[in-house]
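I have placed the structure first, in the form of structure tokens, so that the comments after it can refer back to it.
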Amino acid sequence: MTADTDARDEGSQALDALFLAVSTERDVPSLCEYPAATVAAAKAAIATLTAEVRATRDPAARDTIDAITEHLADLARFREEKILHLRDAPAPLTASPAERIAHAEIAATIARLRGTA
Numbered sequence: 002m003t004a005d006t007d008a009r010d011e012g013s014q015a016l017d018a019l020f021l022a023v024s025t026e027r028d029v030p031s032l033c034e035y036p037a038a039t040v041a042a043a044k045a046a047i048a049t050l051t052a053e054v055r056a057t058r059d060p061a062a063r064d065t066i067d068a069i070t071e072h073l074a075d076l077a078r079f080r081e082e083k084i085l086h087l088r089d090a091p092a093p094l095t096a097s098p099a100e101r102i103a104h105a106e107i108a109a110t111i112a113r114l115r116g117t118a
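Counting along the sequence shown from 1, when you hit position 22 you're at 23 in my numbering, and nothing is skipped either side.
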């Protein structure tokens, strides 16, 4: 295998894992466990593919980067929507630390706007 093939394989694996995470998050009504390993692998694949694009200008690698980025954005959007719907309830145990902070800030802002804080 060449370095180009390895990078594409890493990108394909990241896409497959992200697709599953996005599909699960979309289909399950509650907030799913944060897929930290999947997100980390996707970001690593982006870094690897970016280096490949810089070296070879490979359009397939660039397309894979775009697809991974779109999947990451979709995952974040689905999770954000669920957190916003939970604004009057405690943050779910499946929220990441950053999502817990965002949930607390949203709840505090809503309380201030309602005049209850």
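Glycine included, every Cβ here is placed at the ideal spot set by N, Cα and C.
The Cβ atoms of Leu85 and Val23 lie no closer than 7 Å to each other.
Straight-line measurement puts the Cα of Gln14 at about 21 Å from the Cα of Phe79. Around the beta-carbon of Leu114, fewer than 16 other beta-carbon atoms lie within 10 Å, marking it exposed. Going by DSSP, Leu94 is part of no alpha helix (DSSP H) at all; its letter is neither H nor E. Taken in chain order, the region 54-80 contains no complete alpha helix (DSSP H) segment of 4 residues or longer. If you ignore the 5 residues before and after Gly12, its C-beta comes within less than 6 Å of the C-beta of Ala46, Leu50 and Thr65, all in its own chain and listed in chain order. Here the C-alpha atom of Val29 lies approximately 15 Å from the C-alpha atom of Leu19. The alpha-carbon of Ala68 is positioned some 28 Å away from that of Ile102. Distances from the CA of Cys33 to each of Pro93, Ala109 and Ala105 were compared; the closest alpha carbon is that of Pro93.
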